[in-house]
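*Asks:* Got a structure here, written out as structure tokens. Questions coming.
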Amino acid sequence: MPGAWLLADAKDPHRNGVLKTMTHILLRNRDIADIWQFDTYVANGGYDALKRAVNDLSPDEVIQIVSAANLRGRGGAGFPTGRKWSFIPKDAPVKYVTVNADESEPGTFKDRELLEKNPHQVIEGALIAAYAIQATAVYIYCRGEFWDLALALEERIEEARQANLAGEDILGSGWSCPVYVHLGAGAYICGEESALLNSVQGVLGQPRVRPPFPAQVGGGLYYAPTVVNNVETLANAPWIILNGADAYKAIGTPESPGPKIFCMSGHVERPGNYELPLGITFRELIYDQAGGIPNGKKLKGILPSGASGPVLRATEEVLDAPLTYESVAALGSTLGSASFILMDEDTDMVWAAAKMTHFFRHESCGKCTPCREGTYWLDTIYERILRGEGTARDLELLEKVPQQIMGLVLCALGDFACNPVLSTVRQFRDEYEQYIGLAEPVAAEA
Amino acid sequence: MTETITIIIDGQDYQVPRGMNLVDAAKMHGVDIPVFCHHPKLEPVGMCRMCLVELGSLAVNRETGQPERDENGQPVVRWFPKLQTACTQEASPGMAVRTDSAAVAQARYNVLEFLLTSHPLDCPICDKGGECPLQELTMAYGPGQSRFIYDDKMHLAKQIPLGDLICLDRERCIQCARCIRFCDEIVGDEVLAFHERGRRLQIITISDPPFDTKFSGNTTDICPVGALTTVDFRFGARPWELDEVASICPHCPVGCNISASTRLDRDFGGRKMIKRIMPRQNEAVNEIWICDKGRFGHHHSRSEERLTQPMIRRDEEWVPITWETAYREIAAQLARHGRESGFLAGASLSNEDLWELRKLARLTHADCSLGVWPATMGGIEQVTQVGVGVGTRLQDLGPDSAILVIASDLDEEAPIWWLQVKQAADRGAKVVAANGRATKLDQYATVALRYPYGEAVAALNSFAVIARRSNAIDEAFVAARAEGFAEFDASLKGARVPKPYAEAAQALLGAKDLVVFVGGEGVTLAQHGELMQAAANLLILTGHAGRANNGLIPVWPGANMQGALDMGFGPQATHDLIAQRPAMWIIAEADPVAEDARMAEVLVGAEFVALATQFMTPTAEKAHVLLPVQSFAEREGTFTNGLRRVQRFYMAQTPLEGTLPAWKVFAHISSSMPGGAKPRIAPGLVMRDITQHVLRYAEMSYPNLAHVEPQFPLVGGEDMYYGGTAYSNHGGLGVQWATNAEKEKYSLAVRPVDVARPRLDGLAVVPVRLLYDREPLFAPSSIMHQRVPAPYVELNVRDAEALGIAEGDAVMLTADDVQMAAEARVNSHAPAGTVLVPQRLGATPIPATLVECVVQKMEG
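Residue numbers (the working numbering), protein chains in the order written: chain H, 17 to 462; chain E, 34 to 893.
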């Protein structure tokens, strides 16, 4: 049973950031040299899933299998992928699949590895999604900085096209679906699906009013019904089609099945990507897999989802919690794209929060007043505090201004920007108080 | 009609149209939901977050399908956990809204606090101060104090010219995108955009030349802060010092309702002066928009070049005389020449001016010819029969409508009509743009029909042929109303119709409503009469006459050509006069010498020419007596627009000393004549005379014309946050006169039209009209000069090659006896064999109609 070995392997010793004995589902490049090459990919079972889908399964059957596998979106929201595909109206004459490769979350670098080292699996996954909704075309939206990656990706797509796996009359089925690569211009907000669609269309990357949602007529790419999926999500699809929903669900937990790539960065011994089943604990991930904290320091703060999720204080309760969408939410944060930024006991949490706030001020698209003005305001408050000019009133504002942003704007960026502020003020209040002269340093927690 | 549904706002039931925007639906019933980015004429974007409300829906019992009720029998509402933007909601049955809760008040307070963190608060020097939605809403809903430390404020550029007419203050901008969306959605000119993001998000112009649209001024009206200001009004006055005077734009046949903002001004010797022109709401005419010519083209009214002294020519010198002497001189000359007198009226005279001129002519001799200038378009008979129906609102044209625009470049000749036709196309109306060349309307047209110049009548007539062949004839209407059908029908049989004409015709047929705009480009006067009849034939045949949103709209030159025709003046009379060469002429507010080369010779040959004019024009130089008359701004009167709506304008500016309104001048001359009556003391009394003598003006008394009714959307005053600073209408909505088609007793004439094409060898001149030209009423507005091109002609690439002419070459155009120097533009706008010649760009007159010409490259 594939699931069984994965769970077992998760506890195995490892070296150099790569599990020696582990077989990967997503990061197959770790196991098979040069799998980025078309011939190597095909020789290792590549495109068999697409062939199976197109030749043996109806679009609805593909959706059923992916729904049954309970594959949840790996971009951060964890929305069930099969359900997303099923929303697309069958009778729409034009439909699209858009692959979100705008990987911009601080601390996230999983999609990059997939696209660079195992690109055919992403292309295959996208084509399976496209087949499931009978899409007119696939657009892969890469962040602007993925310029070299995008050029290479176009070559991989051409290889697939020449093998009749993309483009006109795929595998003689009569269904045609070209795959295009589109480069962004370097904006975090374009990872938000409706801003991404605007960006593909060549207009300003700002989120749209919803409804209509992307899956609806009027809400998608060029206003046609559109599925927007993350790179990693789609990389799961070929395996699910070949091995079935039950095999997939055997990995991970019932609510959060499957493998997940965890991006480890910050104060960690072995930074890098780790493909592991959902459901392992924080401790297993951080200490067993990634080698723990350098220089024997203690872990203080964990950002489980890059800059956008609330910071968790590294308590025993947190370290023993399983990494699933539900349990991280129960801790008061989000699993998001599982991009772990670790901060050791010497980290200045006010400084860290200021960095993140500055990032969101820089990346706020400016469309909604509260986010545009609020991130600017928060950033100026942090600047003042870091200069040593902060006051008790500033600390109060750091708690109040976010209340005027969260949930009151078009997209989630406003909430993201407030998460590091609120979570650090609440959990590391003493550090803020030191900055504004209300407290003296205290001994670090045991 | 849209279905009416019930929604609950603040515990009260309201009936609203299903699907209507929630902010608009609430506003309709007097419930204010404050907004910055939402505008009732624009699509919602949900950006500013000012309109946050509590939103819910009535709980319905799943089993019974009945609304659930609480223990008190009140309906149970399921509320969203978070506040929602009202502007992105469409009214639906069972919708419940709270706009008056503490949470909503707090949300508004918070958004205003955010907006003010980066606002300069320079209200004391801001042009918008006093009529600023941000000020108003802050007073109503905002914080008195900010928790933001002012030293942290972001500083940005405060004087960025967005083109030559509009200035941007980046600090004041609140990024609502109303200006961008106006240009993109309403006009279709993608000239503004956002640049950068976050707090650095800023408005930029992305066109070259910058802010390249004819409607740029409207963005300043809907800007909810002082970010966009016009160079015309910038730092000119404070809004609360201004007196609003209702007026009508004097520049084109749309008849936009405008408001002149006036005050006693140092720059005008302490007299009352127009500081700016603003749109005045009339949803049946210009809605809340005006073009930049109307907004910025008012400077002629107090130009230094204005004439302020009656003068007589003695020994080739102009000698000042009193008005009395002028009246007596002209009366004496009229008595001497009797029926040997010709009368020529320009298209910017008011109806009252025209009526008094007509009375003067009738005193001289009952058969005196009453000519109009320019004499390029006729067809008052067809307008009388099937002019567009009373109650027409172009903004109501939509998916069920078809619009034909023929022989007109609407964008240049009547910009607001162009805007409305474009928006109708956006709403799904079928639009056929038919002309001898490409125009801007083509890109919105269902069919862009090209015919060879000279073939307009044939093209339009073929629409009737196709209507007949495809059984699109309204048999009942034709049987009941049409006269001469048998003969006309016979003329359609067997007519050959080229395929493009047939395709264009098919696009129009079958629509519920049909409006036909007829211009005069590339047709002779004789052909124009036939073109209007061809339009009337089509409208009668298909039953599109006698009701609102159906019928004929002539794209007249000038603001009051319709009024001139109504008062009995006509273009054929002008041509007759030119042929007869009378010994005496009275010309009013027209400059024929500048526009027609023959006229200089005709007037030089006359014994006596009296000219009522505001400026020393080329025609004035040929006159014997000059009568300095007043501009539209300095007096009262009425204009009749192309939809036959008679509209009042009021005295906005202190008249220049020494000038008089034209009607009074003519009345005084009359009273100096034998049998002449004493002049009326006010134009309203002149209009009373008109109502008694001109049947179609029977209802046009000043009180009737001043009647107003509530309009939606609300604008100005306390509603400026919602609809913008356009003024609501207090001066009158005007009255349209009804056509024969609307009166059952009249039959409507159809007849065969002459489709013969004038024979032209070699190159043909096609005069075209430009919005921005050098006509006397526009040239003094120097802020617009950058928009007026130097004289040019457009040649087809093939013709230019044959003549050895390249882009930018200086050329000499010779036609009849006219010679005109211009710059050559070589492109594909001009069809092969034609030269497009814009009118009134230079001092030399150009041929006014379709004639042969020679174009030569000038050496050196």
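Where a beta carbon is used, it is the ideal one built from N, C-alpha and C, also for glycine.
Could you please give the first and the last residue of the uninterrupted beta strand (DSSP E) stretch that includes K463(E)?
*Replies:* Segment K463 to N468, the beta strand (DSSP E) holding K463(E).
*Asks:* My output table needs one value for I345(E): the three-state DSSP class, helix, strand or coil.
*Replies:* Strand.
*Asks:* What residue range is occupied by the uninterrupted alpha helix (DSSP H) comprising D384(E)?
*Replies:* For the sequence presented, residue 384(E) should be read as Asn rather than Asp. Looking at the DSSP string, the run of the alpha helix (DSSP H) that includes N384(E) is N384 to T397.
*Asks:* To the nearest angstrom, how far is it from the Cα of W356(E) to the Cα of D609(E)?
*Replies:* Roughly 31 Å between the two C-alpha positions.
*Asks:* Which residues bound the alpha helix (DSSP H) around F432(H)?
*Replies:* L429 to Q443 is the extent of the alpha helix (DSSP H) around F432(H).
*Asks:* In whole angstroms, what separates the C-alpha of E628(E) from that of V658(E)?
*Replies:* Rounded to whole angstroms, E628(E) to V658(E) spans 20 Å at the Cα level.
*Asks:* Curious, which full-length alpha helix (DSSP H) runs of at least 4 residues does the segment 822 to 880 of chain E contain?
*Replies:* Correct list: 830 to 836.
*Asks:* Closer than 7 Å between beta carbons: that is the criterion. Which residues of the segment 413 to 435 of chain H meet it against chain E?
*Replies:* If the cut-off is 7 Å between Cβ atoms, the segment 413 to 435 of chain H has L413, Q420, G423, L424, V425 and L426 near chain E.
*Asks:* Report the option in L883(E), V888(E), D298(E) and K890(E) whose CA atom is closest to the CA atom of T409(E).
*Replies:* That would be L883(E), whose Cα lies nearest to the Cα of T409(E).
*Asks:* Check whether chain E comes within 8 Å of T350(H), counting only Cβ atoms and requiring the distance to be less than that.
*Replies:* Chain E contact via Cβ: absent.
*Asks:* How would you call R391(E), buried or exposed, if buried means at least 16 neighbouring beta carbons within 10 angstroms?
*Replies:* Buried, because 16 or more other Cβ atoms sit within 10 Å of the Cβ of R391(E).
*Asks:* Cα separation between R858(E) and G638(E)?
*Replies:* Taking the straight line from one Cα to the other gives about 37 Å.
*Asks:* Would you mind listing the alpha helix (DSSP H) stretches within the segment 57 to 94 of chain H that are 4+ residues and don't spill past its ends, in chain order?
*Replies:* Whole alpha helix (DSSP H) segments, 4+ residues: 64 to 72 and 75 to 84.
*Asks:* Taking 6 Å as the limit between beta carbons, can you name the residues of its chain near Q117(E), skipping five residues before and five after?
*Replies:* Excluding residues within five positions, the ones whose Cβ falls inside 6 Å are L88.
*Asks:* What distance in whole Å lies between the Cβ atoms of P77(E) and T39(E), which are believed to be in contact at a cut-off of 8 Å?
*Replies:* No, T39(E) and P77(E) are not in contact; Cβ-Cβ is about 22 Å, not under 8 Å.
*Asks:* Identify the residues that DSSP records as bridge partners of Q235(E): which are they?
*Replies:* Looking at the DSSP assignment, Q235(E) forms a beta bridge with H228(E).
*Asks:* Secondary structure at H763(E), three-state DSSP: helix, strand or coil?
*Replies:* Note: H763(E) maps to coil in three-state DSSP.
*Asks:* Mapping the DSSP letters down to three states, classify F215(E) as helix, strand or coil.
*Replies:* Looking at F215(E) - three-state DSSP - the assignment turns out to be helix.
*Asks:* Can you round the beta-carbon distance between E291(H) and P273(H) to whole angstroms, since I take them to be within the 8 Å contact cut?
*Replies:* At roughly 14 Å, the Cβ-Cβ gap does not stay under 8 Å, so E291(H) and P273(H) are not in contact.
*Asks:* Could you tell me which chain H residues have their CB closer than 7 Å to the CB of F227(E), listed as they occur along the chain?
*Replies:* Neighbours of F227(E) on chain H, chain order: L220.
*Asks:* Measuring alpha carbon to alpha carbon, tell me which residue in V788(E), E654(E) and R678(E) is nearest A528(E).
*Replies:* Measuring from the Cα of A528(E), the nearest candidate turns out to be V788(E).
*Asks:* Given that V144(E) touches chain H, what residues does it touch there, using C-beta distances under 7 Å?
*Replies:* Simply T385 and P386.
*Asks:* Note down, in chain order, every chain E residue with its Cβ under 9 Å from the Cβ of G404(H).
*Replies:* The premise fails here: G404(H) is roughly 15 Å from chain E at the closest Cβ pair, so nothing lies under 9 Å.
*Asks:* Check the DSSP bridge columns for P198(H) and list the partner residues they point to.
*Replies:* Rather than Pro, the amino acid found at residue 198(H) in this sequence is His. Y157(H), per the DSSP bridge assignment.
*Asks:* Does the beta-carbon distance from T35(E) to G52(E) come in below 8 Å?
*Replies:* Yes. Within cutoff.
*Asks:* If you draw a straight line from the alpha carbon of N737(E) to that of S125(E), how long is it in whole angstroms?
*Replies:* Straight-line Cα distance between these residues: approximately 40 Å.
*Asks:* With the cut-off set at 8 Å, would you say A117(H) and L131(H) are in Cβ contact?
*Replies:* Against a cut-off of 8 Å, the Cβ pair of L131(H) and A117(H) comes out as a contact.
*Asks:* Between which two residues does the beta strand (DSSP E) containing P604(E) stretch?
*Replies:* Counting along the chain, P604(E) falls outside any beta strand (DSSP E), though it belongs to the alpha helix (DSSP H) covering P604 to Q613.
*Asks:* Which bits of chain E does Y392(H) rub up against, with CB to CB less than 8 Å?
*Replies:* Neighbours of Y392(H) on chain E, chain order: T150, S151, M187, G231 and R232.
*Asks:* In its own chain, which residues sit with a C-beta less than 6 Å from the C-beta of Q443(H), not counting the 5 before and 5 after it?
*Replies:* Result list for Q443(H): R329, in chain order.
*Asks:* One question on the structure: do T114(H) and Y155(H) come within less than 8 Å of each other, judged by their Cβ atoms?
*Replies:* Yes; because the gap between Cβ atoms is below 8 Å, this pair is in contact.
*Asks:* Which class does G453(H) belong to by DSSP, given the choice of helix, strand or coil?
*Replies:* DSSP places G453(H) in coil when its eight states are reduced to three.
*Asks:* Return the chain-ordered ranges of every beta strand (DSSP E) run that is complete within the segment 105 to 173 of chain E and spans a minimum of 3 residues.
*Replies:* Taking only runs of at least 3 residues, the beta strand (DSSP E) segments lying wholly in the segment 105 to 173 of chain E are 110 to 112 and 128 to 131.
*Asks:* Output, in sequence order along the chain, the residues in the segment 351 to 382 of chain H whose CB is closer than 8 Å to any CB in chain E.
*Replies:* Listed in sequence order: R377, H378, E379, S380, C381 and G382.
*Asks:* Return the CA-CA distance between A633(E) and M649(E), expressed in angstroms with no decimal places.
*Replies:* Looking at the two C-alpha atoms, the distance is approximately 15 Å.
*Asks:* Whole angstroms are fine: how far does the CA of G596(E) sit from the CA of F672(E)?
*Replies:* Whole-angstrom Cα-Cα distance: 6 Å.
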